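Just so you know, we're using UniProt numbering here: the sequence shown kicks off at 1 and counts up by one.
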Amino acid sequence: MEPEIVEVEPLRYAPAPQWRAPPPPPPLPPPPMTASSSASATEASASASAVTAALQFDSEKLPQTLVLEIRPFLRVANQIEAESPRVAYLCRFHAFEKAHMLDPRSTGRGVRQFKTTLLQRLEQDEKSTFSKRKERNDAREIKSFYEKKKQANAHQLMPVLGEVLKAVLIGTGLESLVASEDFGDKSGFRYNIIPLHPRSSQQPIMLLQEIKVAVSAVFNVRSLPLANVKGEKSQTDIFRWLQSWFGFQKGNVANQREHLILLLANMHARLNPKSSSAPMLDERAVEELLAKTFESYLTWCKFLGRKSNIWLPSVKQEIQQHKLLYISLYLLIWGEASNLRLMPECLCYIFHHMSYELYGVLSGAVSLITGEKVRPAYGGEDESFLNKVVAPIYDEIYAEALKNKNGVSDHSTWRNYDDLNEFFWSADCFKLGWPMRLNNDFFFTSTKNKKSHETKIQNSQLPRGSSSAQNIVNTEVPDQSQQVVNIRTRPFHNMQTISVTSQQRWLGKTNFVEVRSF
């Protein structure tokens, strides 16, 4: 019997079918929408899109070509948006119009992107702010807001709101109203960081303790001699007092007033340990600022063998006030010096004599010759410091620069800033006198000598000796016969006019060596 051959197929793995969840039941039909739910959904959608547009538009990222003209309107819009959304929208709309007028073809870098994002923001705000308008039209809305801020003395907003209001009135055909009303800010009050106007005392920055004590110290004019201060005398401070005696510019006075207050506030806030006298400026802050301010001046005095002209009184209550007066005087000189700032020793020379005059005013010195109290040599007329002190030295710098002939002349034939400043590193600079003798060799630009001629030289006699007043600097006295009586502390010396024969010559360069490689 033959065996039966059976063919056996190999086993193969067959995976089990995967389990799948049953499909979900169909959703229930939505309930019918009422009018209130439809409005809320529309508002939610509009607010969401407005938030998206606001996030896309950044008012601080502006094209460089539009920053100066556009940024003020966008910042004011951000500031007043919570109070009046519609006026904020009008400010942004005016910024868009102004940007388009400045660059209609969007050729500047980033201008097209800026216009696009701002336009998207305006499209969203136009609908959302229209319902929040309190008046019948935009002209009435911004007019009402403008008058409100005007009564609140919001001086920083007035220029922007006035321009936007004017544009809105013109756009609505009210040109006659624009012509009959002045939208300019007539307050005359301007500031950079600190609003020192009496009605701005509740501004957040004015409530800081360090700002309060610094402002109080700067506005302390008690025990100072009476001065011919222009304007409202109730707002007199040490800067306006110095302006009345030395004739500094009004804008310079305002800038340096803020400058000093911020310096004092910063140093007072950083004191360690903290000040124990909370309502008063700490003396350590004033002393630190005094040392930093006059470090260069004291070095200059030491190099020339002169004593400083910073005199402090013996009365303890007046010491801090006098320190601030000397610091303020130096800041005012620096702030109005223009290109003379490139000649620091020249500024030291100017301060050296003006601080001596300041001491004469504070001490009440009386001239034995005239019988009158000593006054600054250049007086306190408007802009007298600029015209009589800065301008002559600047004119000399300009005249020497012309001799350069666009770089053709040799360096040895003309003086630059360093060469002119080198003159004040020498004791010969005191021959320049105070008031400055304009026929001195320093002011001679030609390389050819002139003929001898009679000149009048005003010798500024400088104080010698000391009394109960503490001094950091003093100067020499050429002639004891020219003394005047100081009614408070020590002898003071007046100016005497004498006639001498002199011959001007070009001073040239000092310690100059020219090495050419060609």
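From the three backbone atoms N, C-alpha and C, an ideal C-beta is built for every residue, glycine too.
No experiment lies behind these values; they were computed from the predicted model shown.
For residue i, three-class secondary structure by DSSP
i    : result
L208 : coil
K302 : helix
V366 : strand
N459 : Its pLDDT being 38, under 50, N459 is placed unreliably in this model, and the value from its coordinates should be taken loosely. Reduced to three states, the DSSP call for N459 is strand.
L312 : strand
K132 : coil
K307 : coil
E250 : What sits at residue 250 in the sequence shown is Lys, not Glu. Correct three-state label for K250: helix.
K373 : strand
Y330 : helix
I319 : helix
T293 : helix
M343 : coil
Q202 : coil
L432 : helix
N266 : helix
Y191 : coil
E335 : Checking the sequence, you will find Gly at residue 335 rather than Glu. DSSP places G335 in helix when its eight states are reduced to three.
T116 : helix
K61  : coil
K284 : Lys is not the amino acid found at residue 284; the sequence shown has Arg there. Here R284 sits in helix by DSSP.
E4   : coil
A154 : coil
Q243 : helix
Closer than 7 Å: residue i CB and nearest the ligand ZN heavy atom
i    : result
E258 : Of ligands this structure carries none, so the ligand ZN is not represented either.
Continuous alpha helix (DSSP H) stretch holding residue i: start and end
i    : result
I70  : V67 to I80
G379 : Unbroken run through G379: none, as it is neither H nor E.
K166 : M158 to G171
S409 : Here S409 belongs to no alpha helix (DSSP H), and DSSP marks it neither H nor E.
S144 : D138 to Q151
M101 : P85 to L102
E400 : A391 to L402
D419 : Y417 to E422
Outcome for residue i when other beta-carbon atoms lying within 10 angstroms are tallied against a minimum of 16
i    : result
C346 : buried
T475 : The predicted position of T475 is uncertain, since its pLDDT is 36 and thus under 50; no value can be drawn from it.
V111 : buried
R105 : exposed
M267 : buried
F424 : buried
L290 : buried
S460 : Below a pLDDT of 50, predicted positions are generally treated as unreliable, and S460, at 37, falls in that range; the measurement from the model is reported next regardless. It counts as buried.
Q156 : buried
V213 : buried
P313 : buried
I205 : exposed
P195 : buried
M158 : buried
N78  : exposed
N440 : buried
D282 : buried
D419 : buried
V168 : buried
E210 : buried
V215 : buried
E422 : buried
N406 : exposed
S201 : exposed
R199 : exposed
L226 : exposed
I142 : buried
Check whether residue i and residue j have beta carbons under 8 Å apart
i    : j    : result
F96  : K115 : yes
G247 : S355 : no
R257 : D237 : yes
C348 : Y297 : yes
Y394 : L340 : yes
V374 : S367 : yes
L224 : W241 : yes
I350 : V389 : yes
L102 : E69  : yes
P392 : M343 : no
G380 : W245 : yes
H100 : F73  : no
L325 : L358 : yes
F294 : I310 : yes
- Task: Report yes or no: do the stretch 130-147 and the stretch 58-78 share at least 3 C-beta pairs separated by less than 8 Å?
- Result: no
- Kindly confirm or deny that the stretch 332-343 and the stretch 251-261 touch, where touching means at least three C-beta pairs closer than 8 Å. yes
- Query: Between the stretch 154-172 and the stretch 83-91, do at least 3 Cβ pairs fall closer than 8 Å?
  - Reply: Of all C-beta pairs linking the stretch 154-172 to the stretch 83-91, three or more are shorter than 8 Å, placing the two stretches in contact.
- Message: Pairs of beta-carbons, one from the stretch 322-331 and one from the stretch 300-307, closer than 8 Å: are there three or more?
- Response: no
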